[in-house]
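So the structure is just underneath, and the comments pick up after that.
Numbering (UniProt numbering), first residue to last: 1 to 301.
What follows is the structure in structure tokens.
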């Protein structure tokens with residue numbers, strides 16, 4: 001009989017909450033973009049998140065970095081993880097990439113992280129990487145044919161994928177007081193959005209839909225989900241932590257169908273299946289050769 005202690009249940013609840021919140025990001029963002037341009041939406045989202053973090057910092061004991069090296073590292077991570085990534089993410093949605101498709105493209109992140117971080121790759125892992133790539137090609141191909149995916153939309157998807165992967169690697173290198181860097185990272189991300197805004201079309205409809213979507217993204221995703229993600233990155237093996245992202249495409253695709261009526265074609269569903277199968281091969285537990293790998297823990301409470 002399988003027994004669950006309190007720590008296991010808390011960890012399961014944390015990871016489940018993270019997947020649900022992260023999966024909702026594309027849906028809520030698409031809703032918000034119906035009432036505002038991408039830069040306005042991001043500025044409202046990051047401004048809300050930063051204000052919440054400034055209020056919560058003394059209450060939850062967040063210690064801001066003080067050493068110049070830590071400040072530089074936090075700013076760089078914030079520019080990539082909370083600046084470049086969400087900008088391309090929202091631009092892709094604004095270019096009519098469906099939430100299900102962009103979530104599926106970003107679902108390749110665990111395999112890309114594994115490929116970049118690990119020096120040696122076994123035959124099953126290489127096979128898994130190949131299956132994941134084939135699945136991604138299928139999803140993109142059906143989206144070009146059926147959903148009108150443009151080259152600009154595809155480019156924004158791929159740039160979002162590269163930036164979230166690079167940002168996660170940078171965040172993993174912040175070993176001392178990682179959560180304390182979060183307010184500074186949001187300052188960097190907000191500053192980048194403000195710098196880019198004059199070169200982008202700007203418009204906003206101040207209605208309940210825009211305000212609610214900005215509050216959800218600012219508080220529930222940018223603060224709560226990001227804090228959960230950073231805790232998991234700090235506590236666990238980065239490759240194993242990012243394997244959670246393979247759950248996001250399926251959950252987002254389901255939400256996309258329920259909310260917007262978008263559905264993946266048979267080819268797209270097959271592509272998603274190949275990505276999941278590839279991830280199972282990439283992250284399957286090896287035999288006795290796993291001496292040099294970190295344990296597969298996600299949250300350490």
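Each residue gets a CB set at the ideal place from its N, CA and C atoms; glycine is no exception. Values in this document were obtained by computation on a predicted structure and should not be read as measured data.
Expressed to the nearest angstrom, what Euclidean distance is found between the alpha-carbon atoms of residue i and residue j?
i	j	result
residue 13	residue 150	38 Å
residue 181	residue 248	26 Å
residue 189	residue 71	14 Å
residue 229	residue 164	12 Å
residue 191	residue 122	43 Å
residue 187	residue 219	15 Å
residue 36	residue 199	15 Å
residue 21	residue 127	31 Å
residue 267	residue 257	16 Å
residue 195	residue 30	23 Å
residue 76	residue 167	9 Å
residue 59	residue 212	25 Å
residue 2	residue 136	Confidence in residue 2 is poor, its pLDDT being 46 and thus under 50, which makes the residue's placement unreliable; the coordinate value appears in the next sentence. Cα-Cα distance, rounded: 36 Å.
residue 154	residue 259	23 Å
residue 111	residue 162	12 Å
residue 174	residue 109	20 Å
residue 197	residue 55	26 Å
residue 117	residue 47	33 Å
residue 289	residue 250	Any answer about residue 289 is weak, because its pLDDT of 41 lies below 50 and its placement is not dependable; what the coordinates show is given next. Looking at the two C-alpha atoms, the distance is approximately 31 Å.
Kindly indicate which residue of the options has the alpha-carbon position closest to the one of residue i.
i	options	result
residue 115	169, 69 and 29	169
residue 278	124, 26, 80 and 255	124
residue 18	96, 257, 224 and 212	224
residue 210	38, 20, 87 and 22	38
residue 204	107, 214 and 88	214
residue 32	45, 20 and 179	45
residue 63	30, 176, 212 and 260	176
residue 227	154, 167 and 178	178
residue 172	232, 136, 197 and 154	232
Is the separation between the beta-carbon of residue i and that of residue j shorter than 7 Å?
i	j	result
residue 92	residue 84	no
residue 51	residue 221	no
residue 28	residue 255	no
residue 74	residue 68	no
residue 61	residue 185	no
residue 281	residue 138	no
residue 252	residue 16	no
residue 90	residue 193	no
residue 275	residue 107	yes
residue 152	residue 95	yes
residue 113	residue 272	no
residue 98	residue 207	no
May I ask you to check if the CB of residue i is nearer than 6 Å to at least one heavy atom of the ligand ADP?
i	result
residue 32	Here there are no bound small molecules, and the ligand ADP is not part of this structure.
Assuming residue i and residue j form a contact by the criterion Cβ under 8 Å, report the distance between their Cβ atoms to the nearest whole angstrom.
i	j	result
residue 202	residue 40	6 Å
residue 57	residue 183	6 Å
Three-pair Cβ contact test at 8 Å for the region 151-170 versus the region 46-65: no
The region 128-138 touching the region 72-87, judged by at least three CB pairs closer than 8 Å: no
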